[in-house]
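Trainee: Here it is: the structure, laid out below.
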Amino acid sequence: MATFLFDKIIFGPVKSRRLGVSLGINLLPTNKKICSFDCIYCECGWTDSMDTDQYPSFELFSSKLEEKLREMRAIGELPDVITFAGNGEPTLHPNFPEIVDKTIELRNTYCPEAKIAVLSNSSLIHRREIFESLLKVDQNILKLDSAIESTIEVLNQPLYRFNLQELISNLKRFRGNLILQTLFIKGKYKGQEIDNTTDTEIKAWLEVVKQINPKEVMVYTIARDTPLTGLQKVSKPRLDEIANLVKSLGIPVQVSY
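For the sequence shown, position 171 (counting from the first letter as 1) is numbered 174 according to the numbering used here, and the numbering increases by one without interruption.
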């Protein structure tokens, strides 16, 4: 199915299902996807590589963001949130910590009411500089699509040595100062059935959610084209069931259908 890449460093603003009016930041190349995962459902398509020498420079990022924020302030249309997303995993950028600091500075200058969000697959949170940078933003939205390692291996296809227990331990280090996001989906890949909404999956996932104790959980399903054909959205009633189970833990939940 058709997928897409963001063709600019700064894109939008767009109306986000989960975040409101969002001004996007793409720290990855505009001509390919760079990520530590190769998720079968990613709207940006299959992963080209886990690394590149084509990251936009800190200076270019800084000038483009300031230019856009100045323009938006001039017409009185400021964003609700400035969101790091784009063509892959934003924390892979070698200057990610400095970029976060600059974004906070520019936000405070041009749109102090706006929040800063990072959408991350959680793969680099073991690095001290990434962990500390994520604690500086308003919404560090970190992915955990399953609490069963074999499911993650198929669904997210990590391109590095992946260890689920290490990931969970690193998520717990945030002491609740994170938003946990989980995409629920059904389908088949290479002859294997995929469904992270089964009772077994949800029971294991809820136990890990309880351990991590995030300030919020985002429950959602696919809304755009995926690189793998035949993937199915999860029904609204099932997403609501899952959300209610999270609420029963005393954790706020946001559902996107």
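Quick reminder that beta carbons are idealized off the backbone N, C-alpha and C, glycines included. Computed from a prediction, not measured in an experiment: that's the story for all the values here.
Which partner residues of Glu219 appear in the DSSP bridge assignment?
Mentor: Answer is Ile182, bridged to Glu219.
Trainee: Which residue wins for smallest C-alpha separation from Ile205, given the options Ser172, Gln160 and Leu147?
Mentor: The option with the nearest alpha carbon to Ile205 is Leu147.
Trainee: From Gln195 to Ile78, what does the alpha carbon distance come to, in whole angstroms?
Mentor: So the alpha carbons of these two residues sit roughly 52 angstroms apart.
Trainee: Go ahead and label Gln57 buried or exposed: buried means 16 or more other beta carbons lie within 10 angstroms of its beta carbon, across all protein chains shown.
Mentor: So Gln57 ends up on the exposed side.
Trainee: In this structure, how does DSSP classify Ser126 when only helix, strand and coil are distinguished?
Mentor: If DSSP states are grouped into helix, strand and coil, Ser126 belongs with coil.
Trainee: Answer with buried or exposed for Thr203, where buried requires no fewer than 16 other C-beta atoms within 10 angstroms of its C-beta.
Mentor: Exposed is the call here.
Trainee: Please list the segments of the alpha helix (DSSP H) lying wholly inside the region 7–77, counting only runs of 4 or more residues, in order along the chain.
Mentor: Qualifying alpha helix (DSSP H) stretches, in chain order: 61–77.
Trainee: Would you identify the three-state DSSP class for Ser259, choosing helix, strand or coil?
Mentor: In this structure, Ser259 counts as strand in the three-state DSSP scheme.
Trainee: Near Gly48, which residues of its chain fall below 7 angstroms by C-beta distance, leaving aside the five closest residues on each side in sequence?
Mentor: Cβ within range, chain order: Thr6, Lys36 and Pro230.
Trainee: Can you tell me where the alpha helix (DSSP H) holding Phe99 begins and where it ends?
Mentor: Residues Phe99 to Tyr113.
Trainee: Quick check: what's the CA-CA separation for Leu209 versus Arg164?
Mentor: Distance between the alpha carbons of Leu209 and Arg164: 24 angstroms.
Trainee: Under three-state DSSP, which class holds Asn143?
Mentor: The answer is strand: DSSP assigns Asn143 an E or B state.
Trainee: Just to confirm the assignment, what range does the beta strand (DSSP E) spanning Lys191 have?
Mentor: Its beta strand (DSSP E) spans residues Lys189 to Tyr192.
Trainee: Would you please state the rounded distance, in angstroms, between the beta carbons of Leu30 and Phe87? I believe it to be under 8 angstroms.
Mentor: About 7 angstroms; that satisfies the 8 angstroms criterion.
Trainee: Go ahead and pull the three-state DSSP assignment for Lys250.
Mentor: Looking at Lys250 - three-state DSSP - the assignment turns out to be helix.
Trainee: Within the continuous beta strand (DSSP E) that includes Val157, where are the two ends?
Mentor: First-last for Val157: Glu152 to Leu158, but that is the alpha helix (DSSP H), not the beta strand (DSSP E).
Trainee: From Pro255 to Arg76, what does the alpha carbon distance come to, in whole angstroms?
Mentor: If you take the alpha carbons of Pro255 and Arg76, they lie about 32 angstroms apart.
Trainee: With DSSP collapsed to three states, give me the class of Lys118.
Mentor: The answer is strand: DSSP assigns Lys118 an E or B state.
Trainee: Pull the bridge partners of Asp202 from the DSSP assignment, please.
Mentor: Asp202 is not bridged to any residue.
Trainee: What span of residues does the beta strand (DSSP E) with Ile85 cover, start to end?
Mentor: Val84 to Phe87 is the span of the beta strand (DSSP E), which, as asked, contains Ile85.
Trainee: Kindly indicate the opening and closing residues of the alpha helix (DSSP H) around Leu170.
Mentor: Here the alpha helix (DSSP H) through Leu170 covers Leu167 to Lys175.
Trainee: Can you list, in chain order, the residues of its chain with a C-beta nearer than 6 angstroms to that of Ile43? Leave out the 5 residues immediately preceding and following it.
Mentor: Within the same chain, Ile43 has close Cβ partners Tyr192 and Leu231.
Trainee: At the level of alpha carbons, what is the spacing between Pro97 and Cys38?
Mentor: Those two C-alpha atoms are separated by around 13 angstroms.
Trainee: Are the CB atoms of Ile102 and Phe64 nearer to each other than 8 angstroms?
Mentor: Contact flag set, yes.
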